[in-house]
Every structure is written in structure tokens, then in C-alpha cells.
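Here the structure comes first, spelled out in C-alpha cells, and everything after it is commentary.
Chains as they are written, first to last, in UniProt numbering: chain A, 1 to 651; chain B, 1 to 651.
Okay, structure coming up:
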């Protein structure tokens, strides 16, 4: 690369701020061999004035020993970041402890604000603002990316998204802050301790979506503790009385409703404190992969790619739906093979009774559990491919279709065999054994994939880095160039989807057949405690720092967990009804038994819905604070109108 | 009353507009013998400038033959009304057919707007604006109403509400527009015709809440027609095969889900057209009857009466709840008496078999139906008293508690006997007979109370008016004073509560036991057709004109109807399961029958929930229009911020 562009970039950056003030926040990696005119045009757009359609950010090429490597560091002046905070609608705490949308003109009223306090915005917030500004860098009259005639542009198209889809831009990622990260990881998982995670610190470093996941994981673990505690004596004293199981199941059902409702309140408390509960939703852009013929969007009135909704519906119903059904069928087919294996193992055990053969009894379940995990993994890729082929315009619509596909398949894949054993074979002993094997195997597999594997990767990567730098520097002493080069090779965190899915399936194992295997909650608690540590390690050490994503709740997962809890009412009622002890209570008439079970089930469901309706989703003090804000904005509007009215009537 | 006040009032009014321009919109009736200083103060506040805390409206005393009668006419200048329209957040149609919140500064962009077009706002809208302005006339430094030391005021208290609660203000009501009313009633119920009601005209005259009720009534009637049509052959051909009943019930269940979901879409179309779908919710004031000790409201920061939430909870759970339970018990007790009567009638019929005795069989049901209606009526008053004694701060909270109380009691009172006959006595013949008698009797009673009684009242009142005025003038020729005097004596329409409740109970009769009595839908359709006419007559002729109330949906009634439709799935499945024909399909095992019924029920419920989830609540084009508005407001905000940013960065 010629020095000209580099020089220009540096001089542009210099327009706004002294070089010494430049704090690198975000890294942009362009493909090797990107044409110079493209780089020139792109960097000019980034530093250009807002009025000229630029992002008015600062940019500097990264210079390493090997020269310039098409890696750029992006930063912004303090003022620019404050204005960006207003543009993204950040909500911060005021001096009077209320949460308000930040505006530059009212900046003095915010807590910790001072013109020279550059920590007013956290680094994660600054990075989020820069990402937002970069993504909102839009084409004006350019018909294509300069130097790449095949990468078409149209007025209003996000330049960064086009650069990404055409492969010129390899990646954009935020930089880690070594010092902060060390502090965070120390307080988070550095020492063995009983206590809460530093959620606020996690949120400051990783953003709200990830902090909320860890908040949910922690809450869910604590919420499972009562179930686990009640479940232990069943194992210790080998209680087999069904009246005790009935009590346990009833407690479970009501408890699972309560914890899901209370979570909504906890979530409101957390996101109010973080400001995201009050954040206005931004208008959603077409997702990066969306393609179509240029047309006029009736909503925005802008020219953008359009894709017929009918075509998408056809793809969904004629291709995706049959494919999902086929996968479900295949999953059931595999299940039947598992039962054949199970039968074979049982026969083998009967023929040659030995320690080995009784161990063999567990083998089919373990194999099946591994196969389930592998099928889930493969299906996951297929679902992603199909959903992106369906060409959804919005990311949220894409996510909903993907989650629906994955949830349905994973639910059937994981639980079909248990349903079959419980309600077709009526074999409670086998059910308990299968449940235990499936749960424990899947937990071990997940722990391996999430904790041991990352640990090994990290070791390998540390070794490699040391070799490269031929030095014994610790992470803290790395130069910026070394840090960037190290981080750009790290894996990318793909979001909380898989983590939530794992918890969802765990919730299924714990609640669906809780009256048969009370120990499930104990395993779940143990798993989740290590899960917190391994997930924390993964976030801090294994992956690139992800961009912060503001969010006000856990979204569709709340619905998924609630649906699971409704299904578990039905399954538990049937299981209890089938137990010989309950059977014995109705010696004369099976009819009465079934009717009683049906009645109890309907009552429990009714209680669930009434409880969900009665428990307010937000605690009273949050409600009051929200009402106060609403009142103030209405008052302000009224004042404005009164003034206008007074003026108009005076004329 | 001395002429001084009158003179002052007239001169004040004159400040704003020529007397000839004054168009009376709203009538204020003060109590006879109200002190002069009070009247002077009140009228001064009404006409005073906004800047001085007045409402800046016009007011004129009504002069009749008997002199001034403490009746005042309120109007407003055209400009004042336009500013008021902005203050209440009215949404009107723009020249480009989009719906936008009206602001005075953007007035030229609205359809039909012209500075001299005084019909831009409908009369109902003008009256709503005046009501809003009067209610927002607030005390400033007055400690009490002048002349009435016991009627305390505090800063920010609505003066009109205090005047109403202390009995100084008898009533405020909007005037009818004789000409408009004649046109409306002609197109609405004046001629017998097949076709839709003029909903847009109804909305212009009576406001959105009432128009939406008539819209729902019409929609619901049309939606019942397919059920009625399918139900007729069951009666004509005396079909008794249960497979046919099963088909009918299944159709009913799915149909009732579909119509409730489709109504949401219809409702969105109507309220979008009327602008209320986009109207921002106003901040809710304490309801008129709310009392307490003065304190600081934590939300508004203003001094206002506070009432401890714990005290209210105690009243609800220690008094209201036991009372409701007692009423429910009493209702069940009355039901048991009805069954005794029924038994007696049966015995009588057996002993002396004759035409008379077979007629006697219907007497207990008819008596019971009448008693049910009377009990509902008495309970209604008790519920209103109790709920207002609970001292809810907000009207919405009062309404929700009242509706819950009334719904639970009416549901049990009307349907308990049917449930008892169906699921305890298992007497399908009696069920059908009871259902028919209850439905038809209650419809006849309601028609009488809503159509014949009003007609008679109207006749009597016409006679009285004629006598009074000693003339043969028709309604059109009445002077303003005569019109006001006539209207102030008319009854007050108490809202749509009773009308919706009637439809709700009718929906229960039609859907809960639909597989036993398919003819119920036919009666419901016939009833609703006459109901439209009688309700229309009631609105136009019997009651005072009500103030328009903007609303975006039918609120809690949607939930009530949906709950009823869920309950009806359960009842219908059980009824079908109990039928001998279905029984015969499972000759070997009653168990299989019950399990099959339970399975079908769960499937139907699942389908219901999935359907409710899948069918979007708003039609696609309304969604697009809403998205467009949201996009525009976000764009405007962005533009504003960009300008600010450009300016800030320039400095």
C-alpha cells in the first residue's frame, strides 16, 4: 500500500483531535489486496463531516513490524461520542437518581458527567456508538463501491454492510481493554467464592444482552436450588411413595410458574438500572444477507431491495416446512433404532448376567445421547442455511424463524424417546434411567464443548502467540499492534442463542418428568454452577470481545420457557395419574381416576394462568418510576402546547 | 340572580368573539341557589386566559321565559378548538390520506382544513375538547370553592370534579344537534334495510367508544350467521346423531377463535380510520370519587389526596371478596330451589298429565330466568357500591375491579344451573330445555328493558314536553332554551358496560353448550338484529347525548370473550364425550373414551392458542402505515440530532 492513503488518513484524523488523544476502540480489517481507491474512499467517508454524509470518526492505520496490513483502528473525539450517545438513544442515570435519555444539551444533569470526564460513557458504550455510526454510514450518489463495480450501491444503503457482504471488509470488532478485563475476570471467576456475579461490571464490559444471559443463568440456578434440596432426600432415603412424588411435582409446577414470573420482575429491575428498559426501539434495517430487486419501500419511501412476500411464504411452506418434518421423522426413526438397541442390550444382559453386561445396559442411552447432540448440531446448520435462504428482510424475523425451527426439532429430538417410554411403553424404571443418562451425558458433552475445549484452545493459542513474539511478555505488556493481531485471530462469539437453548433443554429435563426423577434438579444446579465459570472464561479469554447489544428482556426465550412449563403440567399430571399408588386410591373405577387427574390438571393450568395474570411484570417501584417519567414528558408537552396556545390566541 | 354576573359573563365572552358567532356546544347545570360569588368565580375561570390559568372558553347563561335558571352554555372560538384538538392529541386525516396527530402549526396539511371551515372538527370532537378543557381547569392558590368553605381545593385539583362531588355542579352534558341527529337516525334505523350501519356517522356523532360497540354488535351478529345457518337443519330435520353434533361443536370452537381474532383486525381497521389507534394515552387523573388525606404523589410530585394501598387491599380482601363469595353462595342456593321447583313440576306433570301440566314444565325455568335477571341487577348495584367504597385512585382500576366482580357473578348466576344439569345430573334433555328457556327469557326481558320500556318512556316524555310548551312544534322548531330544558331531563347513558355484558352472556349461551342446542345461535342472531335497532333508538331518542370517548379497542371485553371461548372448548368436549353415540364408539373401554376426549380437548386448545398467535392482530396494510409513521418520526428525530451534532462539532 502506498504511503499516500496513510498520510491522508492521518491528516484527516488530525483535523479533529491531537494524535495523542486518539484512543483506539474498534478494529476494521480489510481484505488483503483491497484496492487503494476503495480504501481512500472508505476512510474518507468515515472521517468526513456529518454534514457531508460522513461519520466524523477518527481512523488510523495499524503499523506493525511487517508494515501496514490493511488493519485500521477507529476512535472518536469525546464530543463525537456524546452526540453519538444521543443518536443511539442511550439512557443514563441523572444526578437525582432517575434514568433519562441522554441528550447533549442536558448533559450537565447526568451523574458523573463532567466535560473532562472521559469515563462518563463506558468503553462498551463507546464501541456500540461507533458500530452504530459505522453501520449508518450510507451511500449517497455512489452507484457502486469505488474499485469494485460488481458491489452495487443505491442511495441509503449501509456502506459497511455492502463491504461486508462483498468480502472487502473482513471483520469489525471492538478491542479488549486488558486492564478492565483483568479486573473483571478476577471478580467474576478468578477466585472461588459463594456470591453473586458482578452483573453491573459484566454489563459495562460486555453489554446488556450478555449480562442479562448471565443474570438469567444465575437466577435460574438459584431458583432450581429449592427443587434440588427437596429432591435430594428422595434419592438418599430411596423414597418411592407416590404421594411424596405428587407433592414434589405439585411444588415443581407452581414453583416453575412463580420463578418465570419473578424473573420478569428481576429482569425489569436489572434493565431499568441499565437504562435499556427505557430505551426506544430503533427502526430496523434490512439484515445484511437480504437481497432482492431494487424497488420503493412503501414504509420508508426509499429505494431498496424488495423481495416478494409470497415467494418467501412459498419457500417457507414448500421447502422449509417439509424439510423440518423430514428431520423430525428422521429423529423419530433414530429413536426407534435406539429402542432396538436397548432391547438388544436387555436381552444380552439376561443371557450373560455379569458386571459387564449390566454396564452394557447404559450403553444404548449414552450412544443415543451423543447421537442426539450430533443431530442437534447438524440440524442447527441446516436450519441456519434454510432460514437465511428464506431471505427474511429483518434480523428479528430471521431470528424468530430460526429459533422456531431449532426449538421444535430440539424439543422432539431430546424428549421424544422419554415421551415414548412414559406414555407408550409405560416403563417408569426405564424412563428414570433414560432421563438420567440423557441429562448427564448431554451435560458432560456440553461442559466439554464449552469448558475443556476452550481451555485447550486457549492454551494452544497462548503457546502460538508466545512463539510468534519470541518473548516472555505477559498480556499486559503487549503493544497495541500485538494485541490487535492476537485478538483478530480469536473466535467470534455468535450470540446467546446456544446458551439459552441449553438452559431451555435443561429446564425440560428438570420439569417435564420431575415426579419421576427428582434428582434432575440437583444435576442441573451442579451443571449450572460450573456453567457460569466456563461461560465466563469463554467470554473473557476465548472469544473476541463482542459488541454490546442493548436489550430490555430475554425476548422469545421467556415465551419458550413458559410454554415448556405449561407442557410440564400436562406430562406430570399424566405421570402421577399412571402411578400404581394413585391407582390404588381408586380401586373401583379407573374412570374416576382419569376424571380426577383431568380435573386437577385443568385446575393447575387455570391457577398458572391466573398467577401469570395477577403477578405484575414490573415491581411497584419500577412502575412508579416509569409513570413518573411518562408524566413528566406529558407535562412538558402540555407546557409547550400551552405556550403555543397563549401565543396563538394573543395574535 | 343579579344581572351583574350575567353581564360580566357576556362581556368576557365578547373578548374573544362576536356574540353572533357563539355556537353552544356543552351545557353546564348548576344547583339551584348556588351562591353568586361561586358562579362569578367559576365563569371567570372558564373564560379567563390560558396564561392566567383559565380555560379560555366562551360561556353564556341560558335565558328562558322563567329568567336565568343557573344553566350555562359553553362554546369556544374556532381557534381555541383547534388548539384544544392539539392538546387532547386528536389524530386526523392528512391530504395524503395518512393519519397524523393534529398540531396547529401543521394544520394546513390536513384534509378538509381551511381557516374558514368550521366543520373541520366534528361537533362531537369539539364537545370532547371542551369537556377536556373544563376538566383540566385546575385550582391554583384557592384553598376552597369560593362561597363553599367545606369544598376544599388544593393546587392542581380539577375544579369541575370538585364542583361535581360537592353537588354545586349538577351536570355537564353536550347538546344534541337536531339536524344531524335526524339525518343519522334516518340512515341508521329509520328505514328497514339490509346492510351495514353508518358506523362513521355514528362515530362522528357519538364518538368512538359507542361506534365501536355498534361495530362489534354488528360484526358479532354477522359472525353468528354461519353458526345459525348450520344450526337450523338440526332443528328442521330433528337430527339427533351425535356425529353431526360433534361436527357442529368442532366448527363452533374453531369459528369462535377465528371470529375473535378477526375482530381484532376489524377493530384496528376501524380505529385506524378514526385516528384513535394512533392516539397517545393521556395521563390518568384520580377519579372523581377518590378521597384521602392530602400528601405528595411520588409520580407527579404534586399535593393530592393519598389513600394507603394496604387499606384498599384490606377492603378488597376482607370485605369485597367475602361479600362476592356470599353472593355466589346465595346464587347457588337459589339454583337449588329452582331444581326443587323443577322436580315438583315434573311430579305434578306425571300425576295430572294434561296440556296445562306440560306447559307447567316450563314455568320453573321461566321464573328462574326472571330471578336471575333480578339478582344480576341487584348485584350490579352492590358491586358498584363496593367498588367505589374500595376507593380506587384511577378510573381504569375502578372499572377493572367492577367488571371482574360483575363478570364472575353473572357467569355463575347464569350458567351454574346449566353446568349442574350437564355435569352432575347428566340430563341432556333438561339441559336443552333449560338452555332454551333461559336464553329466550333473558332475551325477551332485555328487549323489553331496552326497547319497549324506552319507547314507552319516550312517548310519555314527548307528551309531557308538548303539554309544557303548549304547542305543536316538532323537534326541529324548538328554540335553544326549549331544547336545553328538554335534554337536561333526559336519562344519562351510563356507558357500554351493560351492552357488552349482555353480548358476553349471549356468547356464553351460544358457545358453552353449542353441541346440545344448535338453535341458540339462531335466537342470538334474531335478538341482535332487533338489539341494533333498539340500542340505536335508545342512543338517539332516550338518553342525553353522551360525551365522545376516544378508544382504540374494546379493552377487557376482548379478554372476557376469549376466556369464554376457552371454557367452551372444555365444556363442549366433555358434552360430546358423554353422548351415548360417542360412547358406542368405544364399546370395550370407557378409559379409551375419556383419554380420547382429553386428547382432543388438549389438541383443540393448542390449536386455539397457535391460531391466536399466528393470526396477526393488525392487517398488513395497517401495520405498514403504522411502521411508516414510526419511521417518519424516527427520521425527524435523527435529522434534528444530525443538525445539532453538526452545529456542536462546528463550534
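The C-beta atom is built at its ideal place from N, Cα and C for all residues, glycine as well. Bear in mind the structure is a predicted one, so any value in this text is a computation, not a measurement.
Residue 472(B), DSSP secondary structure in three states: Bear in mind that a pLDDT of 49 at residue 472(B), under 50, signals an unreliable position, so the model cannot answer this.
Mind checking the segment 290-302 of chain B against chain A and listing, in chain order, the residues whose C-beta falls within less than 7 Å of any C-beta there? Considering only beta carbons, the part of the segment 290-302 of chain B lying closer than 7 Å to chain A consists of 298, 299, 300, in chain order.
Compute the minimum distance between the beta carbon of residue 456(B) and the heavy atoms of the ligand HEM, and state whether it is under 6 Å. Although the ligand HEM was asked about, the structure shown includes no ligands whatsoever.
Residue of 21(A), 22(A), 27(A) minimising C-alpha distance to residue 483(A): Closest by alpha carbon: 27(A).
Are the segment 447-458 of chain A and the segment 594-614 of chain A touching, with three or more C-beta to C-beta distances below 8 Å? The segment 447-458 of chain A, when compared against the segment 594-614 of chain A, does not touch it at the 8 Å Cβ threshold.
Should residue 646(B) be flagged as near chain A, meaning a C-beta pair shorter than 7 Å? With its beta carbon less than 7 Å from one in chain A, residue 646(B) belongs to the interface.
From the DSSP output, which residues share a beta bridge with residue 173(A)? For residue 173(A), which the question treats as bridged, DSSP gives the partners 27(A).
In chain order, what residues of the same chain have a beta carbon less than 6 Å from the beta carbon of residue 147(A), not counting five sequence neighbours either side? Once the five neighbours on either side are set aside, the close Cβ partners of residue 147(A) are 35, 37, 38.
Could you tell me whether any Cβ in chain A is nearer than 7 Å to the Cβ of residue 591(B)? Interface residue, yes.
Please report the distance separating the alpha-carbon of residue 360(A) from that of residue 343(A). Here the alpha carbon of residue 360(A) sits roughly 11 Å from the alpha carbon of residue 343(A).
Sub-7 Å separation of residue 218(B) and residue 274(B) beta-carbons: No, Cβ-Cβ distance for residue 218(B) and residue 274(B) is not below 7 Å.
Neighbouring residues, chain B, relative to residue 630(A) (Cβ below 9 Å): Listed along chain B, the residues sitting closer than 9 Å to residue 630(A) by beta-carbon distance are 281, 283, 299.
Measure the Cβ-Cβ separation of residue 538(A) and residue 173(A) and say whether it is below 7 Å. No; because the gap between Cβ atoms is not below 7 Å, this pair is not in contact.
Proximity to residue 656(B) [Cα-Cα], best of 116(B), 132(B), 117(B), 98(B): In this structure chain B extends from 1 to 651, so residue 656(B) is not present and cannot be described.
Using 10 angstroms around the beta-carbon of residue 401(A), count the other beta-carbons present and answer buried if the total reaches 16, otherwise exposed. The residue in question, residue 401(A), is buried, as its Cβ has 16 or more Cβ neighbours within 10 Å.
Interface flag, residue 634(B) vs chain A, CB-CB below 7 Å: Taking Cβ atoms only, chain A reaches closer than 7 Å to residue 634(B), which makes this a yes.
Bounding residues of the beta strand (DSSP E) (the contiguous stretch that carries residue 62(A)): 58-64 is the span of the beta strand (DSSP E), which, as asked, contains residue 62(A).
For residue 223(A), which residues of its own chain have a beta-carbon under 6 Å away from its beta-carbon, when the five flanking residues on both sides are left out? Non-local C-beta neighbours of residue 223(A) in its own chain, meaning closer than 6 Å and more than five positions away in sequence, comprise 259, ordered along the chain.
Tell me which residue opens and which closes the beta strand (DSSP E) that residue 294(A) is part of. For residue 294(A), the enclosing beta strand (DSSP E) has its first and last residue at 293-296.
With a Cβ-Cβ cutoff of 7 Å, do residue 576(B) and residue 236(B) count as a contact? Against a cut-off of 7 Å, the Cβ pair of residue 236(B) and residue 576(B) comes out as no contact.
For residue 152(A): DSSP bridge partner residues: Answer by DSSP bridge pairing, in chain order: 144(A).
Can you check which of these residues, 373(A), 393(A), 503(A), is closest to residue 445(A) by C-alpha distance? Sorting 373(A), 393(A), 503(A) by C-alpha distance to the C-alpha of residue 445(A) places 373(A) at the top.
In this structure, how does DSSP classify residue 448(A) when only helix, strand and coil are distinguished? Under the three-state reduction of DSSP output, residue 448(A) falls in the helix class.
Chain A residues whose Cβ lies nearer than 7 Å to that of residue 160(B): In chain A, no part has a C-beta under 7 Å from the C-beta of residue 160(B); the shortest such distance is about 17 Å.
Exposure of residue 347(B), with buried meaning 16 or more beta-carbon neighbours within 10 Å: By the 10 Å Cβ count, residue 347(B) comes out exposed.
Would you decide whether residue 286(B) is buried or exposed? Buried here means 16 or more other CB atoms lie within 10 Å of its CB. So residue 286(B) counts as buried.
Hey, is residue 50(A)'s beta-carbon within less than 7 Å of any beta-carbon in chain B? Yes, residue 50(A) lies at the interface with chain B (some Cβ there is under 7 Å from its Cβ).
Report back the beta-carbon spacing between residue 617(B) and residue 268(B) to the nearest angstrom; my notes put them in contact at under 8 Å. A Cβ-Cβ separation of about 7 Å places residue 617(B) in contact with residue 268(B) under the 8 Å criterion.
7 Å is my cut-off, CB to CB: does residue 624(A) come that close to chain B? For residue 624(A), the answer is yes, since a Cβ of chain B falls inside 7 Å of its Cβ.
With the cut-off set at 7 Å, would you say residue 129(A) and residue 84(A) are in Cβ contact? Annotated as proximal: residue 129(A) and residue 84(A), with beta-carbon spacing under 7 Å.
From residue 319(B) to residue 391(B), what distance separates their C-alpha atoms? Approximately 13 Å between the Cα atoms of the pair.
Answer with yes or no whether the minimum CB distance from residue 408(B) to chain A is below 7 Å. Taking 7 Å as the threshold, the shortest C-beta distance from residue 408(B) to chain A does not fall below it.
From 409(A), 363(A), 358(A), pick the residue whose C-alpha is nearest to that of residue 383(A); which is it? The shortest C-alpha separation from residue 383(A) is found at 409(A).
Under three-state DSSP, which class holds residue 71(A)? Correct three-state label for residue 71(A): strand.
Collapsed DSSP secondary structure at residue 40(A) in the structure displayed: Three-state result, residue 40(A): helix.
Quick one: list the residues of chain B neighbouring residue 642(A), beta-carbon separation under 7 Å, in chain order. Result: 50.
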